[in-house]
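Take any residue in the sequence shown, count from 1 to its spot, add 283: that is its number in the working numbering. Using N, Cα and C, we set each Cβ at its ideal position, and we do this for glycine too. Some notes on the structure that comes next.
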Amino acid sequence: MRPVPRPARTSLTVLALLAAVCALLVAGAGPALAHAGLSGSDPADSTVLKEAPRQVTLTFTESVTFSEDSLRVLSPENRRVNPAPAQYADGKSNTARVQLSDELPQGTYTVAWRVVSADGHPISGAFVFSVGKPSETAAVVPDGSLDDSAVGRLYAFFRYLAYSGLALLVGAAAFVAVCLPGTGGERPVRRLLASGWAVLVVSTAALLLLRGPYETGGPVTSVFDLSQLGRTVVGRPGAALVVRLVLLAAAAVLLGRYAVRLGGPDDGAEPRDLGRRGRRVGVALALGLAFTWAAAEHASAGIQVPLAVPVAVLHLVAMGVWLGGLVTLVIVLRSRGAAGRTVPADAVARFSTMAFAAVAVLVGTGVYQSWRQVGSWEALTTTSYGRTLLVKVAVVVVVLWVASFSRRWTARLLHEAAPAARTRTVPEPERVKVTVGAPDAPGGGEVRRAVGPPSPEAGADQRAHQRGLRRTVAVEAALGVVVLAVSTVLTGTQPSRAAGESAAAAVAAAQEPQAKVATVPFDMGKAGHQGAVQITLAPGRVGENTVEAVVFSADGGLATVPELRLTLTQEALAIGPIDAKLKNQKGFWAVYDLQLPMPGEWTLDITVRTSEIDQVTVRGSVHIAPLPRRPAA
């Protein structure tokens with residue numbers, strides 16, 4: 284066997300890919316959210332209130348959805364004290380609010396919550412507040428991980444199966460369409476297509492049934508609850524799964540034309556070539572299937588969603604073409620090797636080119652996705668998402684190193700196949716006349732030589748090269764399965780940016796005062812009798828505020844007045860007066876939805892009517908804080 288020169292561009296190609304993969308570690312600035320986090324609550328965690336609140340409000344870092352039991356407020360005796368389910372506060376999709384029962388007794392109350400992020404992943408937590416003074420509580424809330432349950436583990440398993448089925452289906456179809464066009468494929472490949480389709484159908488159906496208990500934290504047996512299934516299919520993740528099943532039904536029709544028996548064993552029917560139109564439909568189906576993931580997971584939340592979704596679609600399709608194509612090539616090499624046949628060298632070359640393009644797309648789209656989700660160098664080692672991403676990058680680097688050996692075997696196959704393609708094969712050796720120079724010239728005349736079939740050594744070399752290629756491709760495929768498993772873990776892990784956002788918001792909320800209080804004295808109409816009005820604004824910053832007003836008599840006790848009015852004016856900006864529209868709450872005056880548009884010093888004009896004919900207006904002030912800044916990445 285003659286020595287084969289290594290293609291000059293192979294080393295440069297591998298180095299370029301390695302450099303691009305290393306770029307996965309570089310993240311830019313700018314917020315990008317996925318996996319919501321709790322950014323604030325009213326009442327705040329561990330606060331002690333003098334009076335029982337009328338409601339509990341939670342604010343998250345992104346939009347959330349919730350069910351009837353998503354927000355529960357439990358008394359010290361573990362009794363639920365919110366009679367109605369949660370609603371959005373003032374229509375804001377990143378809030379959840381419940382009204383509380385009247386006359387809550389003193390003690391410590393537990394708020395347990397479980398909502399679903401915009402990217403389709405459920406999150407949960409709990410905190411406490413006290414009325415009057417803290418007390419012992421019998422309330423019990425789950426404290427384990429959402430994924431560390433029977434439903435969570437099953438959901439993760441079928442999610443991995445769904446990715447695997449997509450890779451097999453897309454990769455095998457791409458291999459047949461690009462590498463073996465017009466041949467109708469082979470029986471092992473058609474079985475691989477059928478297996479990928481079946482795995483994807485079964486896993487999608489299982490995910491659809493498990494989605495309800497996965498979101499609500501219910502038991503496995505609740506998968507048979509039809510009312511819960513009805514709520515699932517109208518949500519975005521459930522609707523995406525339904526669309527996926529519809530697309531798989533269309534794929535079954537297309538594969539039927541390819542003579543792939545999805546409902547039973549391969550009966551040996553002769554497949555038909557799909558043609559250009561069938562291939563276009565296949566590409567559209569592959570993109571549509573990938574879209575059912577992108578539209579309901581990380582890409583669907585955060586900044587640049589119109590760009591992030593198609594990037595995620597390309598990432599998934601490229602993953603399928605690369606990983607599923609590797610598995611298909613291993614199957615073809617093994618089946619033909621067992622039959623003593625070789626795979627056409629041009630088919631292997633076409634796959635090498637297709638796989639290179641797929642990996643290039645994977646790297647490019649992966650860099651962008653990492654930029655959205657990681658956020659900083661520090662997050663790579665301090666967050667679960669960053670550490671998992673490092674593992675994925677390390678495995679991808681090893682895959683590319685192994686792929687360089689596969690490209691060498693491919694180059695050798697092409698080198699051996701080139702002379703054979705130029706040799707005319709005949710049944711028996713024959714004499715061929717070749718004229719050298721002019722027949723009548725000195726030294727000119729005819730030379731006869733024998734031309735026959737390629738030597739047995741050439742065929743042996745090709746088989747040896749294909750055995751080497753089969754081994755390296757098998758290692759690539761095995762490592763690709765590891766990459767797929769790590770990617771599945773990443774899809775269920777809170778991205779680094781979101782983790783940092785939630786932590787920063789919690790720290791900011793803990794550092795900020797939870798309320799602003801202004802106490803303004805006033806004349807009660809009798810000599811020496813000075814009362815006071817205490818105005819409390821919570822949280823005391825721009826946006827929606829709860830306002831509570833209490834009137835104290837001259838001896839410091841609570842006083843009842845027939846009317847109390849409050850207006851607020853931002854004199855520096857000429858805003859107001861804004862009427863708070865206080866309402867009598869039988870002992871104090873309050874309003875729960877006062878909107879303050881600007882930070883700064885606000886003037887309080889308070890009118891107290893002490894009798895049917897006597898009233899007094901006094902003035903105070905309060906400083907309203909700006910909204911907390913989002914942390915820079």
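- When the Cα atoms are used, what is the spatial distance from A455 to Y443? The residue you call residue 455 lines up with position 172 of the sequence shown. The residue you call residue 443 lines up with position 160 of the sequence shown. Spanning the alpha carbons of A455 and Y443 requires a straight line of approximately 18 Å.
- Contact check, G250 vs A837 under 8 Å by CB: the rounded distance? Lying outside 284 to 916, the shown extent of the chain, residue 250 is not represented and no answer is given.
- Task: Since I believe L609 is in contact with G763 (beta carbons under 8 Å), could you give me their beta-carbon distance rounded to a whole number of angstroms?
- Result: Within the sequence shown, numbered from 1, the residue matching residue 763 stands at position 480. Within the sequence shown, numbered from 1, the residue matching residue 609 stands at position 326. Correct: roughly 6 Å between the Cβ atoms.
- Message: Looking at the secondary structure, which residues open and close the beta strand (DSSP E) in which R892 lies?
- Response: Position 609 of the sequence shown, counted from the start, is the residue given in the question as residue 892. Run containing R892: 883 to 892, per the beta strand (DSSP E) assignment.
- Task: Below 7 Å CB to CB, which residues in the same chain sit around Q370 once its five sequence neighbours on both sides are set aside?
- Result: The count along the sequence shown starts at 1 and reaches residue 370 at position 87. So the qualifying residues of the chain are R380.
- Message: Can you check which of these residues, P405, M807, V680, is closest to R892 by C-alpha distance?
- Response: By 1-based counting over the sequence shown, the position of residue 892 is 609. Residue M807 is the option with its Cα nearest to R892.
- Would you report the Cα separation of V423 and V506, rounded to the nearest angstrom? Stepping through the sequence shown from its first residue, residue 423 is reached at position 140. Stepping through the sequence shown from its first residue, residue 506 is reached at position 223. V423 and V506 have their C-alpha atoms spaced approximately 25 Å apart.
- Taking C-alpha atoms, which residue in P405, A367, A522, L572 lies nearest to G320? For the purposes of this step, residue 320 is taken as residue 37 along the sequence shown, with counting starting at 1. Minimum Cα distance to G320 is reached at P405.
- Alpha carbon to alpha carbon, how far is L877 from S667? Counting from 1 along the sequence shown, the entry for residue 877 is found at position 594. Counting from 1 along the sequence shown, the entry for residue 667 is found at position 384. Those two C-alpha atoms are separated by around 40 Å.
- Option in V657, A643, T664 with minimal Cα separation from V680: Taking the sequence shown and counting its residues from 1, the one referred to as residue 680 is at position 397. Ranking the options by Cα distance to V680, first place goes to A643.
- Message: Mapping the DSSP letters down to three states, classify F412 as helix, strand or coil.
- Response: Looking up residue 412 in the sequence shown gives position 129. If DSSP states are grouped into helix, strand and coil, F412 belongs with the strands.
- Message: Going by C-alpha to C-alpha distance, which of Q898, A533, T340 sits closest to F805?
- Response: Within the sequence shown, residue 805 is the residue found at index 522, counting from 1. Ranking the options by Cα distance to F805, first place goes to Q898.
- Hey, could you find the ends of the beta strand (DSSP E) V901 is sitting in? Against the sequence shown, residue 901 aligns to sequence position 618. 898 to 907 is the span of the beta strand (DSSP E), which, as asked, contains V901.
- Task: Helix, strand or coil for P496, going by three-state DSSP, please let me know.
- Result: The residue you call residue 496 lines up with position 213 of the sequence shown. Reduced to three states, the DSSP call for P496 is helix.
- Query: Going by other Cβ atoms of all chains shown within 10 Å of its Cβ, with 16 needed for buried, is T283 buried or exposed?
  - Reply: The structure shown does not extend to residue 283, since the chain spans only 284 to 916, so no value can be given for it.
- Query: L841 and G870: beta carbons closer than 8 Å?
  - Reply: Taking the first residue of the sequence shown as position 1, residue 841 is located at position 558. Taking the first residue of the sequence shown as position 1, residue 870 is located at position 587. Cβ distance < 8 Å, so L841 and G870 count as in contact.
- Count the other C-beta atoms from every protein chain shown that fall within 10 angstroms of the C-beta of L590, then say buried if there are 16 or more, exposed otherwise. Taking the first residue of the sequence shown as 1, we reach residue 590 at position 307. Exposure of L590 is indicated by the presence of fewer than 16 other C-beta atoms within 10 angstroms of its C-beta.
- Minimum C-alpha distance to R519 - residue among P909, P880, S583: The residue given as residue 519 occupies position 236 in the sequence shown. Looking at the Cα atoms, S583 is the closest of the given residues.
- Task: Take the Cβ of I586 as the centre, count every other Cβ of all protein chains shown within 10 Å, and call the residue buried at 16 or more, exposed below.
- Result: Locating residue 586 in the sequence shown gives position 303, counting from the first residue. Per the 10 Å Cβ criterion, exposed.
- Do you know offhand how far V347's Cα is from V772's? Translated into the one-based positions of the sequence shown, residue 347 becomes position 64. Translated into the one-based positions of the sequence shown, residue 772 becomes position 489. Taking the straight line joining both Cα atoms gives about 22 Å.
- Member of A641, L847, D629, G501 whose CA lies at the smallest distance from the CA of G435: For the purposes of this step, residue 435 is identified with residue 152 of the sequence shown, where counting begins at 1. For G435, the nearest C-alpha among the options comes from G501.
- Query: Out of curiosity, what's the CA-to-CA distance linking V830 and V657?
  - Reply: Looking up residue 830 in the sequence shown gives position 547. Looking up residue 657 in the sequence shown gives position 374. Going by the C-alpha atoms only, they are around 40 Å apart.
- Item | contact_flag[the segment 406 to 423, the segment 564 to 580] where n(CB pairs < 8 Å) is 3 or more | no
- Task: Keeping to the same chain, check which residues put their C-beta closer than 6 Å to that of T515; ignore five residues upstream and five downstream.
- Result: In the sequence shown, the residue the question calls residue 515 occupies position 232. Excluding residues within five positions, the ones whose Cβ falls inside 6 Å are R494, G495, G521.
- Message: I'd like the span of the alpha helix (DSSP H) that includes F441, first residue to last.
- Response: Numbered from its first residue, the sequence shown carries residue 441 at position 158. Unbroken alpha helix (DSSP H) run through F441: 433 to 457.
- Measure the C-alpha to C-alpha separation of N377 and L887 and round it to an integer number of angstroms. The count along the sequence shown starts at 1 and reaches residue 377 at position 94. The count along the sequence shown starts at 1 and reaches residue 887 at position 604. N377 and L887: Cα-Cα distance of roughly 30 Å.
- Task: Using three-state DSSP, classify E854 as helix, strand or coil.
- Result: Reading the sequence shown from its first residue, position 571 is the one you call residue 854. Three-state result, E854: helix.
- At what residue ranges does the segment 614 to 675 contain a whole run of the beta strand (DSSP E), taking only runs of 3 or more? none
- Does DSSP put G726 in a helix, in a strand, or in coil? Here residue 726 corresponds to residue number 443 of the sequence shown, with the count starting at 1. Note that G726 scores a pLDDT of 44, beneath 50, so its modelled location is shaky and nothing firm can be said.
- Message: Considering just the uninterrupted stretch of the alpha helix (DSSP H) at W576, what are its terminal residues?
- Response: What you label residue 576 is simply residue 293 of the sequence shown in a count that begins at 1. Taken as a continuous stretch (DSSP letters only), the alpha helix (DSSP H) holding W576 covers 558 to 577.
- Query: Whose CA, out of A488, T664, V600, Q338, lies closest to the CA of A640?
  - Reply: Along the sequence shown, one-based indexing puts residue 640 at 357. Out of A488, T664, V600, Q338, V600 has the C-alpha closest to the C-alpha of A640.
- According to the neighbour-count rule (16 or more other Cβ atoms, all chains shown, within 10 Å of its Cβ), is P326 buried or exposed? Counted from its first residue, the sequence shown places residue 326 at position 43. P326 is buried by the Cβ-count criterion.
- Item | Residue from A821, V459, V594, F440 with nearest C-alpha to V472 | Within the sequence shown, the letter at position 189 stands for residue 472. Taking only the C-alpha atoms, the option nearest V472 is V459.
- Query: With C-beta atoms as the reference, is W872 less than 8 Å away from L856?
  - Reply: Indexing the sequence shown from 1 puts residue 872 at position 589. Indexing the sequence shown from 1 puts residue 856 at position 573. It is not a contact, given that the beta carbons lie outside the stated cut-off.
- Task: Can you have a look at R527 and say buried or exposed, based on whether 16 or more other CB atoms are within 10 angstroms of its CB?
- Result: On the sequence shown, position 244 is the one that residue 527 refers to. Looking at its Cβ environment, which holds 16 or more other Cβ atoms inside 10 Å, R527 is buried.
- Item | Three-way DSSP call (helix, strand, coil) for T802 in this model | Translated into positions along the sequence shown, residue 802 becomes position 519. Correct three-state label for T802: strand.
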